[in-house]
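Enquirer:
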Amino acid sequence: MNPKGVMRTLLSLTLMLMLVNYVETMVIPALPKIEDQFSTTATTVAWVTSAYLIVGAVASPIFGKLGDRYGKKKVYLISIGFYSLAVLMAGFSPNIYFLIFSRGVQGIGYSTFPLAIAIITDLFPKERVAWAQGILSATLAAGPALGLLVGSYIVQDLGWPYAFHTAFILSLILLGISAKYIVEIPEKTREKIDYLGATFLMLTVVPLLVYLSNGPNVGWTTLSQIALIVVSVVAFPIFLIVERRTSEPLMRLDLFRVRNLMVANVAGLISGTGMFLMFTGLVYYLQLPRPYGLGLTIIESGLLMAPVALVMMTLGPIVGRAINVIGPKPLLVVGSSVSMLGYFLLDTFRYSEYEVLFDVIVTAAGLVNLIIPLVNMVALALPEEQRGIGIGMNTLIRTIGSAIGPVISTVFMDTYVTWLLYDVNGQFIPVAQVPDYSAFHYMYMVAIALMFLSLIASLFTKNYVIKARQEVKREVVEAKHPG
């Protein structure tokens with residue numbers, strides 16, 4: 318295969334994934350202004366981010382399966398087309414409900430990640446797959462970090478609609494580039510789509526994510542919340558029964574007995590939780606007035622998060638190459654350990670911008686050593702005809718973690734509060750409640766515990782070295798003939 322064509326494909330996929338992950342967070346700095354402009358509540362505005370997350374979580378495995386069935390490039394371009402249209406719609410939203418709907422349709426763009434990973438895994442030789450996956454996986458954290466930074470400038474100087482206007486222009490350009498340069502991968506399977514299984518998967522995941530997203534705003538035990546969790550709990554075993562009985566399931570459940578796939582899904586849930594716990598908690602802490610936080614502006618806090626993007630994009634390809642030499646297991650162990658250290662530093666040394674900057678760089682270095690090996694493990698543990706849906710399921714599980722992370726942060730920040738006092742003519746007057754020291758302390762203690770669990774899970778990884786290939790082949794054989 319033409320090496321230039323392969324590298325153009327990688328560049329096209331990287332730029333598109335960077336944009337999708339950038340758009341994921343660029344709207345966050347605008348949420349207060351959106352709330353004011355549309356005269357709505359914070360609970361309703363929260364759906365601007367939740368709708369994107371929920372649709373994206375469900376779309377990832379389904380579009381992954383469609384890619385396995387109809388061709389990955391074809392389905393990838395369709396998902397970008399829907400995404401670009403939704404970005405255009407969002408910028409011209411006449412009311413909050415239209416904006417939420419547009420953000421939901423944008424969630425289809427989230428499915429570009431499993432499709433991109435599957436395309437790269439099919440195109441690149443085994444010894445270079447991990448390097449290419451490292452570049453793509455780095456966008457998972459680099460994009461959101463850039464979104465917080467660049468989004469802050471656009472919202473402040475131009476207004477929130479222009480965040481979507483600029484993103485639409487970029488997405489349209491990248492759609493054209495992708496159509497021209499991404500190498501076509503012929504579909505490898507003629508299986509039918511398991512629509513019944515997909516329905517019960519949605520009935521399991523959507524209520525769960527709505528429950529997690531709504532909990533901090535409307536409470537955990539209201540009638541509507543209980544109804545959501547009941548639907549999810551009832552639908553899940555039905556989904557399992559349907560998948561076991563159908564001849565062409567959405568995903569073969571026996572694949573989950575493959576050890577590395579199990580480890581990747583458990584560690585993916587944990588790393589997704591930990592990464593978004595850090596993002597959410599830190600954004601609040603940086604903007605709280607001193608002495609409760611650092612008292613930074615939106616733009617200043619975005620600048621402080623920018624090194625996350627640089628660290629991820631720099632270390633991503635390096636970690637990918639390291640997988641070829643030492644395998645994923647040592648990297649997962651190192652990533653979990655360094656992440657634990659990073660969260661410990663955030664808990665104990667966060668009282669100046671320079672301390673937080675150092676802490677964030679350490680934590681990002683740990684997380685990149687976690688995320689990239691997981692993607693490689695999933696891609697190589699599965700037979701080619703199940704690769705798209707397998708990576709999509711892993712993306713779904715990681716997305717559930719990314720929904721849990723902000724919930725943990727919010728619960729602690731709502732539980733452990735103190736009064737913000739202002740000195741008025743020598744008299745201290747309470748004006749608002751803000752999270753106190755304990756909120757962030759417990760938050761990072763939970764993060765440390767999560768990374769410890771990730772470390773334990775990492776020890777069960779079956780290591781392999783790409784150059785040797787024996788272990789990789791053994792994993793694929795296990796996937797094709799488990800048990």
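Sequential numbering of the sequence shown, starting at 318, is according to our numbering.
Every residue gets a Cβ at the ideal spot worked out from N, C-alpha and C, and that includes glycine.
Just so we're clear, the structure is a prediction, and the values are computed from it rather than from any experiment.
Within the same chain, show all residues whose beta-carbon is closer than 6 Å to that of Gly652, passing over the 5 residues directly before and after it, in chain order.
Expert: Only Gly683, Asn686 and Leu687 meet the Cβ criterion.
Enquirer: Which residue spans inside the region 398-480 form an unbroken alpha helix (DSSP H) run of at least 4?
Expert: You should have 413-423, 429-440 and 443-474.
Enquirer: Is Thr538 helix, strand or coil when you go by DSSP?
Expert: Coil at Thr538, not helix or strand.
Enquirer: So what's Leu567 in DSSP terms, helix, strand or just coil?
Expert: Leu567: coil per DSSP, three-state reduction.
Enquirer: Could you check what DSSP says for Ile486 in three-state terms: helix, strand or coil?
Expert: In the structure shown, Ile486 sits in a helix (DSSP, three-state: H, G or I).
Enquirer: Would you call the region 360-374 and the region 522-531 in contact, with 3 or more CB pairs under 8 Å?
Expert: At 8 Å Cβ cutoff, the stretches touch.
Enquirer: In whole angstroms, give me the CA-to-CA distance for Arg850 and Tyr761.
Expert: Lying before the first or after the last residue shown, residue 850 is absent from the chain, which here runs from 318 to 800.
Enquirer: Ends of the alpha helix (DSSP H) at Val751?
Expert: Careful: Val751 lies outside any alpha helix (DSSP H), inside the beta strand (DSSP E) at Gln744 to Pro752.
Enquirer: Who are the near neighbours of Lys779 in its chain, counting only those whose CB is closer than 6 Å to its CB and skipping five residues on each side?
Expert: Result list for Lys779: Arg576 and Asn577, in chain order.
Enquirer: Should Ile543 go down as buried or exposed, given a rule of 16 or more other Cβ atoms within 10 Å for buried?
Expert: Exposed, by the Cβ-count rule.
Enquirer: Which whole-angstrom value describes the C-beta separation of Leu556 and Gly514, a residue pair presumed to lie in contact below a C-beta threshold of 8 Å?
Expert: In the sequence on display, residue 556 carries Phe and not Leu. Their Cβ separation, rounded to whole angstroms, is 6 Å, which keeps Phe556 and Gly514 in contact under 8 Å.
Enquirer: Check whether the region 717-732 touches the region 478-485, taking contact to mean three or more Cβ pairs, one atom from each stretch, closer than 8 Å.
Expert: Flag = no, the region 717-732 and the region 478-485 do not touch.
Enquirer: With respect to the alpha helix (DSSP H) encompassing Arg667, which residues constitute its N-terminal and C-terminal limits?
Expert: Where Arg667 is concerned, there is no enclosing alpha helix (DSSP H), given that its DSSP letter is neither H nor E.
Enquirer: If you draw a straight line from the alpha carbon of Gly532 to that of Val724, how long is it in whole angstroms?
Expert: Using only the alpha carbons, I get a separation of about 8 Å.
Enquirer: Note down the Cα distance separating Lys321 from Ile678, rounded to an integer number of angstroms.
Expert: Using only the alpha carbons, I get a separation of about 34 Å.
Enquirer: Just to check my reading of the structure: Leu336 and Leu491 have Cβ atoms closer than 8 Å, yes? What is that Cβ distance to the nearest angstrom?
Expert: Going by Cβ atoms, the distance from Leu336 to Leu491 rounds to 6 Å, so yes, they are a contact pair.
Enquirer: Have a look at Leu567 and Gly381 and give me their C-alpha separation to the nearest angstrom.
Expert: Looking at the two C-alpha atoms, the distance is approximately 10 Å.
Enquirer: Can you look up Val548 in the DSSP assignment and give me helix, strand or coil?
Expert: Helix.
Enquirer: Using 8 Å as the Cβ pair cut-off and three pairs as the minimum, do the region 400-412 and the region 725-740 touch?
Expert: Flag = no, the region 400-412 and the region 725-740 do not touch.
Enquirer: Which value, in whole angstroms, describes the spacing of the CA atoms of Tyr754 and Phe777?
Expert: Going by the C-alpha atoms only, they are around 36 Å apart.
Enquirer: To the nearest angstrom, how far is it from the Cα of Arg638 to the Cα of Met694?
Expert: Cα to Cα, Arg638 sits roughly 14 Å from Met694.
Enquirer: Counting Cβ pairs, one atom from each stretch, are 3 or more of them under 8 Å apart for the region 433-448 and the region 614-626?
Expert: The region 433-448 is not in contact with the region 614-626.
Enquirer: Return the chain-ordered list of same chain residues with a C-beta closer than 7 Å to the C-beta of Arg420, the five sequence neighbours on each side being excluded.
Expert: Around Arg420: Val365, Ala368, Tyr369 and Ala407.
Enquirer: Locate the alpha helix (DSSP H) running through Asn577, then write down its first and last residues.
Expert: Taken as a continuous stretch (DSSP letters only), the alpha helix (DSSP H) holding Asn577 covers Arg576 to Gln604.
Enquirer: Going along the chain, which residues of its own chain have a beta-carbon closer than 8 Å to the beta-carbon of Thr597, five neighbours each way excluded?
Expert: So the qualifying residues of the chain are Gly722, Pro723, Ser726 and Thr727.
Enquirer: In angstroms, rounded to a whole number, what distance separates the CA positions of Leu662 and Ile494?
Expert: Approximately 42 Å between the Cα atoms of the pair.
Enquirer: Let me confirm a value: Ile615 is counted as buried when at least 16 other C-beta atoms fall within 10 Å, else exposed. Which label applies?
Expert: Looking at its Cβ environment, which holds 16 or more other Cβ atoms inside 10 Å, Ile615 is buried.
Enquirer: Determine the DSSP secondary structure at Val651, reduced to helix, strand or coil.
Expert: Note: Val651 maps to helix in three-state DSSP.
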